[in-house]
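For the sequence shown, position 103 (counting from the first letter as 1) is numbered 102 according to numbering that gives the first Met the number 0, and the numbering increases by one without interruption.
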Amino acid sequence: MSKRVDIKNQIFNDIYVLEFDKNKNTQASWKCLCMCCNKVILVTYSNLKNGNTKSCASCGQKISNGLEQDILCDIKKGDKIAHIVKKHKVGRSVVYRIKKKFESV
Ligand SMILES: [Zn+2]
């Protein structure tokens, strides 16, 4: 049995490693917490290490500053979340995250 790297309690971008889950094929799978939306997800060690997985799938959509501004603009205009999601092709959590950030200012 190959030695498992212990990454418990470590943080990779937006992911906090909670505990070891199981070996998936030859990969160690870890139970992690997405710190953006507090969702528990399973990620393999190599994906964490390589930076392939930086958050959960819905938060993982890359969004540029320009797009964030556009979304923020729509939020300020009072557009419906569903409308913004469709218009910018982003995940709901992304819009909520920007909305939250905006409201906390
Ligand atoms: Zn997330």
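Each residue gets a CB set at the ideal place from its N, CA and C atoms; glycine is no exception.
Asked, Found
"When you compare only the Cα positions, how much space is there between C58 and V93?", "6 angstroms"
"Under the criterion of a Cβ to heavy atom distance below 7 angstroms, does C55 qualify as lining ligand 1?", "yes"
"Rounded to the nearest angstrom, what separates Q9 and V16 at their Cα positions?", "5 angstroms"
"Would you say C105 touches ligand 1, meaning its beta carbon is less than 7 angstroms from a heavy atom?", "The question about residue 105 has no answer, for the chain in this structure spans 0 to 104."
"Have a look at the DSSP bridge pairing and note the partners of V16.", "C31"
"Could you spell out where the beta strand (DSSP E) holding V89 opens and where it closes?", "Taken as a continuous stretch (DSSP letters only), V89 belongs to no beta strand (DSSP E), as it is neither H nor E."
"Within 7 angstroms: the Cβ of S28 and any heavy atom of ligand 1?", "no"
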